[in-house]
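Colleague:
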Amino acid sequence: MAANGSKFSFFPAVTVEIFNKLPLGATFTIHCKSKDDDLGTHEVGTGQSYSFHFKVNFWGTTLFFCRASHEGNNVDFEIYRASRDDTDRCPDYCMWVANGDGIMGYPESSSEKPDIVIPWKR
Numbered sequence: 001m002a003a004n005g006s007k008f009s010f011f012p013a014v015t016v017e018i019f020n021k022l023p024l025g026a027t028f029t030i031h032c033k034s035k036d037d038d039l040g041t042h043e044v045g046t047g048q049s050y051s052f053h054f055k056v057n058f059w060g061t062t063l064f065f066c067r068a069s070h071e072g073n074n075v076d077f078e079i080y081r082a083s084r085d086d087t088d089r090c091p092d093y094c095m096w097v098a099n100g101d102g103i104m105g106y107p108e109s110s111s112e113k114p115d116i117v118i119p120w121k122r
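Take 1 as the starting number for the sequence shown in full-length UniProt numbering and just add one per residue.
1. Cα separation between Y106 and R122?
2. So, is the C-beta of L39 closer than 7 Å to a C-beta in chain B?
3. Fully enclosed by the stretch 72 to 101, which beta strand (DSSP E) runs are 3 residues long or longer?
4. Counting C-beta neighbours from all protein chains within 10 Å, is the total for W59 16 or more, i.e. buried, or is it exposed?
5. Quick check: the Cα distance between T29 and D101, rounded to an integer number of angstroms?
6. Look up P23 in the DSSP assignment and say whether it is helix, strand or coil.
7. Please state the DSSP three-state secondary structure of T41.
8. Candidates V16, D76, D85, E43: which alpha carbon is nearest A26's?
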């Protein structure tokens with residue numbers, strides 16, 4: 001799904017993707033939005049992912065935030081914040097993982113160790 005982008009923008013598109021790595025085949029729901037775009041609620045099944053793409057605005061203030069829910073647990077988090085992500089962290093591709101501990105964000109340079117860890121809240 002494209003969000004917040006124009007095909008005439010000079011800025012390259014950014015892709016954000018979140019993978020379901022929850023135990024026992026569990027699903028989770030995610031609802032993401034920005035100031036201008038509501039991407040709706042999506043259910044992500046076992047081994048699946050949800051992704052969207054957009055272009056960072058001219059001012060470098062693009063922000064997408066999400067609420068993820070899983071078996072009575074939930075978490076609110078910024079899945080993309082230009083001031084954090086647009087330089088070194090994930091300028092082209094931002095990978096996230098939902099697992100039994102919470103939501104993990106990985107820098108573009110490494111999918112081995114998360115640099116952002118957000119635990120589930122009851």
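From the three backbone atoms N, C-alpha and C, an ideal C-beta is built for every residue, glycine too.
Modeller: From the atom records:
1. Translated into the one-based positions of the sequence shown, residue 106 becomes position 106. Translated into the one-based positions of the sequence shown, residue 122 becomes position 122. Those two C-alpha atoms are separated by around 24 Å.
2. The structure shown has no chain B; it contains just one protein chain.
3. Fully enclosed beta strand (DSSP E) runs of 3 or longer: 73 to 81, 93 to 99.
4. Translated into the one-based positions of the sequence shown, residue 59 becomes position 59. Flag for W59 reads exposed.
5. Taking the first residue of the sequence shown as position 1, residue 29 is located at position 29. Taking the first residue of the sequence shown as position 1, residue 101 is located at position 101. C-alpha separation (whole angstroms): 15 Å.
6. Taking the sequence shown and counting its residues from 1, one reaches residue 23 at position 23. It is helical.
7. The residue labelled residue 41 in the question sits at position 41 within the sequence shown. Under the three-state reduction of DSSP, T41 is assigned to strand.
8. As a first step, residue 26 must be located in the sequence shown, where it is residue number 26. Comparing Cα-Cα distances from A26 to each of V16, D76, D85, E43, the minimum goes to E43.
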